[in-house]
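*Asks:*
Number of protein chains: 2
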Amino acid sequence: MSSSLETSLDPPPGAGYFARVGVAELATELRAGRVSSRDLVETALGEAARWQPVLNAFVTIDETGARAAAEKADRELAAGVDRGPLHGLPIAVKDIIDVHGLPTTAGARHFAGHIASRDADCIRPLREAGAVILGKTTTHEFACGPTGDRSASGPTRNPYATGHMAGGSSSGSAAAVAAGIVGLALGTDTGGSVRIPAACCGVVGLKPTHGAVATTGVFPLAPSLDTVGPLARTAADCRLLWTVMTAGHRQPVAAPRIGWVPPDSIHPTAPEITSLARDLTKDLIIGEVTVPAVKELRAAYRTIQGSEAYAVHAERLATAPELYGDEVRDRLRTGGQARGWEYVRALELRDRVRGAVTDLLRQQDFLALPTIPLSPPTLDSRDETIGGEAVDVRAALLALTSPWSVLGLPAVTVPAGLVDGLPVGLQLVGPPGTEHRLLTVAEYLQNTSS
Amino acid sequence: MSSSLETSLDPPPGAGYFARVGVAELATELRAGRVSSRDLVETALGEAARWQPVLNAFVTIDETGARAAAEKADRELAAGVDRGPLHGLPIAVKDIIDVHGLPTTAGARHFAGHIASRDADCIRPLREAGAVILGKTTTHEFACGPTGDRSASGPTRNPYATGHMAGGSSSGSAAAVAAGIVGLALGTDTGGSVRIPAACCGVVGLKPTHGAVATTGVFPLAPSLDTVGPLARTAADCRLLWTVMTAGHRQPVAAPRIGWVPPDSIHPTAPEITSLARDLTKDLIIGEVTVPAVKELRAAYRTIQGSEAYAVHAERLATAPELYGDEVRDRLRTGGQARGWEYVRALELRDRVRGAVTDLLRQQDFLALPTIPLSPPTLDSRDETIGGEAVDVRAALLALTSPWSVLGLPAVTVPAGLVDGLPVGLQLVGPPGTEHRLLTVAEYLQNTSS
Chain A
1 MSSSLETSLD PPPGAGYFAR VGVAELATEL RAGRVSSRDL VETALGEAAR WQPVLNAFVT
61 IDETGARAAA EKADRELAAG VDRGPLHGLP IAVKDIIDVH GLPTTAGARH FAGHIASRDA
121 DCIRPLREAG AVILGKTTTH EFACGPTGDR SASGPTRNPY ATGHMAGGSS SGSAAAVAAG
181 IVGLALGTDT GGSVRIPAAC CGVVGLKPTH GAVATTGVFP LAPSLDTVGP LARTAADCRL
241 LWTVMTAGHR QPVAAPRIGW VPPDSIHPTA PEITSLARDL TKDLIIGEVT VPAVKELRAA
301 YRTIQGSEAY AVHAERLATA PELYGDEVRD RLRTGGQARG WEYVRALELR DRVRGAVTDL
361 LRQQDFLALP TIPLSPPTLD SRDETIGGEA VDVRAALLAL TSPWSVLGLP AVTVPAGLVD
421 GLPVGLQLVG PPGTEHRLLT VAEYLQNTSS
Chain B
1 MSSSLETSLD PPPGAGYFAR VGVAELATEL RAGRVSSRDL VETALGEAAR WQPVLNAFVT
61 IDETGARAAA EKADRELAAG VDRGPLHGLP IAVKDIIDVH GLPTTAGARH FAGHIASRDA
121 DCIRPLREAG AVILGKTTTH EFACGPTGDR SASGPTRNPY ATGHMAGGSS SGSAAAVAAG
181 IVGLALGTDT GGSVRIPAAC CGVVGLKPTH GAVATTGVFP LAPSLDTVGP LARTAADCRL
241 LWTVMTAGHR QPVAAPRIGW VPPDSIHPTA PEITSLARDL TKDLIIGEVT VPAVKELRAA
301 YRTIQGSEAY AVHAERLATA PELYGDEVRD RLRTGGQARG WEYVRALELR DRVRGAVTDL
361 LRQQDFLALP TIPLSPPTLD SRDETIGGEA VDVRAALLAL TSPWSVLGLP AVTVPAGLVD
421 GLPVGLQLVG PPGTEHRLLT VAEYLQNTSS
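Here the protein sequences come in this chain order: A and B. Numbered per full-length UniProt numbering, the first sequence spans residues 1 to 450. Numbered per full-length UniProt numbering, the second sequence spans residues 1 to 450.
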């Protein structure tokens, strides 16, 4: 098979088969009989096994289930039953999303031995589209952290530099796509948990509008912020997966007008990252945009996420505190200290700024800024400097993604190049419900830059 | 004029003109030229002045404005401009609702000298209907308390027994209607602040569905609970005022089925109060109803109200704590201690129980129970006993009203008789949007019992 995948980044060294072939080509090959779903699944299983000791991208690899689903997909195609572009293609699912019959660990020792008794709502359209679930990917413990290096099943590593973080919390999904183990994956994004690892691993990741995808069967972090989003190597593939997830249709985009949000107005950002991200969009930028109260939105994120996450975990923290990793336990307990009136103020701020940003998004179609303000740090790093200024790694990772989470807006990250061999992500933010338009613009940027 | 007002209670001793004549009769008399709006306003001003040293129902009596509005109403009627049943009738407005050109004190020393520069949204339809605003009625400080005996302008007293509470926080509106100073008044109800004083003073009061009446221009207590509601001596008059407030229409009620909520399942209740309230509805009761998690709703009320009220007052508490009365300051500070995760849990409970109660309200049209579980205590009393059990007065006053506030449901209180000379209220609770049906049933009960 030819190598036809258009993307703005070369895959990392040693990347597997799916880093070089996209969904459209695979669909053609399958229907031409030049490859079978069973072939693809065996390839994916081989890549998963090969990469596992290096990346730790998977918690569970479902060889039996994946092989059975692939054989069914092949039988259907042979019988003329065609479920569309994802039919027979392997996909990986973050291990905080229930898949019937497989463990859901949520990266937590509390859930050892827990087997999901049904599919999460977001899994059903994948099955109906004939996708093959290869396994469950490593998540930061309880999805509560942006680094991807705290999990009951160990840290995920970055395929571009295995001493570095993959980002989190959907660390395994991003790493598995970047390493070419699968072409498609599901993650969840509460404050950046799809976008941050996608940016760290040089792939495309979409955080949808809050509420656009049902979260039933997904273990919550902070329900008023939680979303389920797709990851893929290209925006085109991400859009195909998104279409299956929502039964949605492509929206036309005529000459999108993009407002550039200078990232230093939110958080100190490495100049070479700002430069790469801005270069990728420069033909579409119509001006610079100041987002009102954006720093207050970051504080509101901490209050909302902290309060809602503690509400999810209160009893568990009381009865089984020893099962948490130290860092996540501390993080949850800190979140539980927020006051009710601060939560009320955070919701009020959300409403107020949502109105102001809606106005901004009438003057330009999308906002653009880097996805994360620094290169993926080394594993376990918690303190870095950006332009000589000391920053907290976890706060820095969330700084440019979490404001849009508070506002419930959709946002996509698309690779913008490498700095010292590590990926840089450009983030595009749109009005509610514009996922397809965002992915179409992302696709345009990927194709013109590669 | 004849005494034609149908109500289930005799007015208190010495009650004024408006305790004996209802809106319908006044409207007829006005149009027959047997009385003028100016006559009615002079009568109301006279009653207000006569009662003020006894009840302290008013903070501001707007003699000039009321006389001018009455003269305009008379000119219009003479010219054939008829604004409907409230045209030319005096009405009193709780002093937490902005009326253009008059002080809004909110019962607080913080607002001394503050003059409202515009009408609250809920005032406009009253003016368009030709009602005459007589003045602003005493409120518990910042509407934060159910007793009506803590206010910068002093306590309101109960017209049935002036050593006793009028209830709160809409204490002056209820007392003014009960004493016949006016026939109609506006109050606000966050956890019972219309219903509690209406029950204490033997009048009818409606807490509408949350969101049914705009609260713009009303000083907030807890925005997710705050409502504006009408008070009148009869349900019929209350319904006329409600119709003007909402431009709504009467909804038909065929043989309402009422579920009785045993009040002791929520809070200890004086047996003679339970008995009077139940007697009033007995022909309509189809069975007893258990409301799920109703005690948890009371706790949720404290968390929601406490958090939202502190969010309103945080800066004021920091900069001018000395201007608060001790009790309200302590109450606000206690509310500020609630945690964000507890607020989140309270909102979750609200959603969960709302579903269950919606199901209950498919099996019966309305729920019925007493409005308050004890007779209005003496002024300043904070500890009472009910059936030998010690109770906190403020918690007791709110116990039977606040669960419906958390659920956002409409509820009306209607007089059910006297115990030791003090009024007893029956409360009816309905599904969202059923205010007219509630008032129609209340009217039926008043007419059949009188």
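Where is the CB? At the ideal position from N, CA and C, for every residue including glycine.
(1) Of all Cβ atoms in chain A, is any one closer than 8 Å to the Cβ of tryptophan 341 of chain B?
(2) Compare the beta carbon distance of proline 410 of chain B and leucine 374 of chain B with 8 Å and say whether it is the shorter of the two.
(3) Expressed to the nearest angstrom, what Euclidean distance is found between the alpha-carbon atoms of arginine 352 of chain A and tryptophan 404 of chain A?
(4) Could you pull out every residue in the same chain whose Cβ sits closer than 6 Å to the Cβ of histidine 313 of chain B, ignoring the five residues on either side in sequence?
(5) Please list the partners that arginine 316 of chain A has in chain B, where partner means a Cβ-to-Cβ separation under 9 Å.
(6) Let's test the definition: count the other Cβ atoms within 10 Å of the Cβ of threonine 358 of chain A and tell me whether it reaches 16, buried, or not, exposed.
(7) At 9 Å on the CB atoms, spell out the chain B contacts of arginine 345 of chain A, in chain order.
(8) What number of angstroms, rounded off, separates the C-alpha of glycine 88 of chain A from the C-alpha of phenylalanine 18 of chain A?
(9) With a threshold of 8 Å, are at least 3 pairs of Cβ atoms found where one atom belongs to the stretch 174 to 193 of chain A and the other to the stretch 87 to 104 of chain A?
(10) Measure the C-alpha to C-alpha separation of arginine 316 of chain B and glutamine 305 of chain A and round it to an integer number of angstroms.
(11) What is the residue span of the beta strand (DSSP E) that glycine 417 of chain A lies within?
(12) For the beta strand (DSSP E) that glutamate 76 of chain B lies in, which residues bound it at each end?
(13) In chain order, what residues of the same chain lie with their CB nearer than 8 Å to the CB of alanine 106 of chain A, ignoring the 5 residues before and after it?
(14) Compare the C-beta of alanine 338 of chain B with all C-beta atoms of chain A and state if any pair is closer than 8 Å.
(15) Output needed for serine 2 of chain B: all residues of its chain with C-beta closer than 6 Å, excluding positions within five of it in sequence on either side, in chain order.
(16) Does the stretch 27 to 44 of chain B touch the stretch 193 to 204 of chain B, meaning 3 or more C-beta pairs lie closer than 8 Å?
(17) If you draw a straight line from the alpha carbon of phenylalanine 58 of chain B to that of glutamate 327 of chain A, how long is it in whole angstroms?
(18) Of all the CB atoms in chain A, is at least one closer than 8 Å to the CB of threonine 303 of chain B?
(19) I want to verify the contact list: residues of chain B whose CB lies under 8 Å from the CB of residue 461 of chain A, in sequence order.
(20) Considering only the alpha carbon of each residue, which of A:Lys136, A:Ala255, A:Lys207 lies closest to threonine 413 of chain A?
(21) Return helix, strand or coil for glycine 430 of chain A, following the three-state DSSP convention.
(22) In the structure shown, what three-state DSSP assignment does aspartate 95 of chain B receive?
(23) Within its chain, find whatever has a CB closer than 6 Å to the CB of alanine 70 of chain A; leave out the 5 residues flanking it on each side and keep chain order.
(24) Among A:Gly180, A:Gln446, A:Ala222, which one has its Cα closest to the Cα of proline 11 of chain A?
(25) Please classify glutamine 363 of chain B as buried or exposed, where buried requires at least 16 neighbouring CB atoms within 10 angstroms.
(26) Enumerated in chain order, which unbroken segments of the beta strand (DSSP E) with a length of 3 residues or greater are wholly contained in the stretch 309 to 391 of chain B?
(27) Does the separation of the CB atoms of valine 203 of chain B and alanine 442 of chain B fall below 8 Å?
(28) Just how far apart, CA to CA, sit serine 307 of chain B and valine 21 of chain A?
(29) Which parts of the stretch 81 to 158 of chain A are runs of the beta strand (DSSP E), unbroken and 3 residues or longer, counting only runs that do not cross its ends?
(30) Can you check which of these residues, B:Arg50, B:Val429, B:Ala66, B:Ala178, is closest to valine 261 of chain B by C-alpha distance?
(31) Taking all protein chains shown into account, do 16 or more other C-beta atoms lie within 10 angstroms of the C-beta of glutamine 337 of chain B, making it buried, or fewer, making it exposed?
(32) Pairing CB atoms from the stretch 75 to 82 of chain A with CB atoms from the stretch 153 to 168 of chain A, are three or more of them under 8 Å?
(33) Indicate the three-state DSSP secondary structure (helix, strand or coil) for phenylalanine 219 of chain B in the structure shown.
(34) If you draw a straight line from the alpha carbon of valine 81 of chain B to that of proline 155 of chain B, how long is it in whole angstroms?
(35) Among all the DSSP beta bridges, which residues are the ones paired with lysine 207 of chain B?
*Replies:* In short, the structure shows the following:
(1) Position 341 of the second sequence, counted from the first residue, corresponds to residue 341 of chain B. Interface residue, yes.
(2) Walking along the second sequence from the start, residue 410 of chain B turns up at place 410. Walking along the second sequence from the start, residue 374 of chain B turns up at place 374. It is not a contact, given that the beta carbons lie outside the stated cut-off.
(3) Translated into positions along the first sequence, residue 352 of chain A becomes position 352. Translated into positions along the first sequence, residue 404 of chain A becomes position 404. Each residue's Cα considered, the two are about 14 Å apart.
(4) Along the second sequence, one-based indexing puts residue 313 of chain B at 313. So the qualifying residues of the chain are Leu332.
(5) For the purposes of this step, residue 316 of chain A is identified with residue 316 of the first sequence, where counting begins at 1. Neighbours of arginine 316 of chain A on chain B: none; closest Cβ ~13 Å, over 9 Å.
(6) If you number the first sequence from 1, residue 358 of chain A lands on position 358. Classification of threonine 358 of chain A: exposed, given that the 10 Å Cβ count is below 16.
(7) The residue you call residue 345 of chain A lines up with position 345 of the first sequence. Here the neighbours are Ala311, Ala314.
(8) In the first sequence, residue 88 of chain A corresponds to position 88, counting from 1. In the first sequence, residue 18 of chain A corresponds to position 18, counting from 1. Straight-line Cα distance between these residues: approximately 14 Å.
(9) yes
(10) Within the second sequence, numbered from 1, the residue matching residue 316 of chain B stands at position 316. Within the first sequence, numbered from 1, the residue matching residue 305 of chain A stands at position 305. Their backbone Cα atoms lie some 27 Å apart in a straight line.
(11) What you label residue 417 of chain A is simply residue 417 of the first sequence in a count that begins at 1. Glycine 417 of chain A -> beta strand (DSSP E) spans 411 to 419.
(12) Your numbering for residue 76 of chain B matches position 76 in the second sequence. From DSSP, glutamate 76 of chain B is part of no beta strand (DSSP E) but of the alpha helix (DSSP H) over 63 to 78.
(13) Counted from its first residue, the first sequence places residue 106 of chain A at position 106. Hits under 8 Å: Asp95, Ile96, Thr139, Glu141, Phe142, Ala143, Phe219.
(14) As a first step, residue 338 of chain B must be located in the second sequence, where it is residue number 338. So, interface residue.
(15) Numbered from 1 along the second sequence, position 2 holds the residue referred to as residue 2 of chain B. Low per-residue confidence applies at serine 2 of chain B: pLDDT is 37, beneath 50, and the placement is therefore not dependable, though the value from the model is reported in the following sentence. So the list is empty, once near-sequence residues are dropped.
(16) no
(17) The residue given as residue 58 of chain B occupies position 58 in the second sequence. The residue given as residue 327 of chain A occupies position 327 in the first sequence. One C-alpha to the other measures close to 58 Å.
(18) One-based indexing of the second sequence puts residue 303 of chain B at position 303. Taking Cβ atoms only, chain A reaches closer than 8 Å to threonine 303 of chain B, which makes this a yes.
(19) Residue 461 of chain A falls outside the range modelled here, since chain A spans only 1 to 450, and no answer is possible.
(20) Locating residue 413 of chain A in the first sequence gives position 413, where the first residue counts as 1. When each option's Cα is compared against that of threonine 413 of chain A, the closest is A:Lys207.
(21) Position 430 of the first sequence, counted from the first residue, corresponds to residue 430 of chain A. Residue state, collapsed to three classes: coil.
(22) Along the second sequence, one-based indexing puts residue 95 of chain B at 95. Aspartate 95 of chain B: coil per DSSP, three-state reduction.
(23) One-based indexing of the first sequence puts residue 70 of chain A at position 70. Closer than 6 Å at the Cβ level, and outside the excluded window around alanine 70 of chain A, lie Ser37, Arg38, Val41, Val132.
(24) Stepping through the first sequence from its first residue, residue 11 of chain A is reached at position 11. Checked all of A:Gly180, A:Gln446, A:Ala222; the closest Cα to proline 11 of chain A is A:Gly180.
(25) Within the second sequence, numbered from 1, the residue matching residue 363 of chain B stands at position 363. Result: exposed.
(26) 366 to 370, 383 to 386
(27) To locate residue 203 of chain B, count along the second sequence from 1; it is residue 203. To locate residue 442 of chain B, count along the second sequence from 1; it is residue 442. Contact: no.
(28) Start at 1 with the first residue of the second sequence, and residue 307 of chain B comes out as number 307. Start at 1 with the first residue of the first sequence, and residue 21 of chain A comes out as number 21. Their Cα atoms are separated by approximately 54 Å.
(29) 90 to 94, 132 to 137
(30) By 1-based counting over the second sequence, the position of residue 261 of chain B is 261. Nearest of B:Arg50, B:Val429, B:Ala66, B:Ala178 to valine 261 of chain B, Cα basis: B:Val429.
(31) In the second sequence, residue 337 of chain B corresponds to position 337, counting from 1. By the 10 Å Cβ count, glutamine 337 of chain B comes out exposed.
(32) no
(33) Residue numbering aside, residue 219 of chain B sits at position 219 when the second sequence is read from its first letter. In the structure shown, phenylalanine 219 of chain B sits in coil (DSSP, three-state: anything other than H, G, I, E or B).
(34) Locating residue 81 of chain B in the second sequence gives position 81, where the first residue counts as 1. Locating residue 155 of chain B in the second sequence gives position 155, where the first residue counts as 1. For valine 81 of chain B and proline 155 of chain B, the distance between alpha carbons rounds to 41 Å.
(35) Residue numbering aside, residue 207 of chain B sits at position 207 when the second sequence is read from its first letter. Answer by DSSP bridge pairing, in chain order: B:Ala411.
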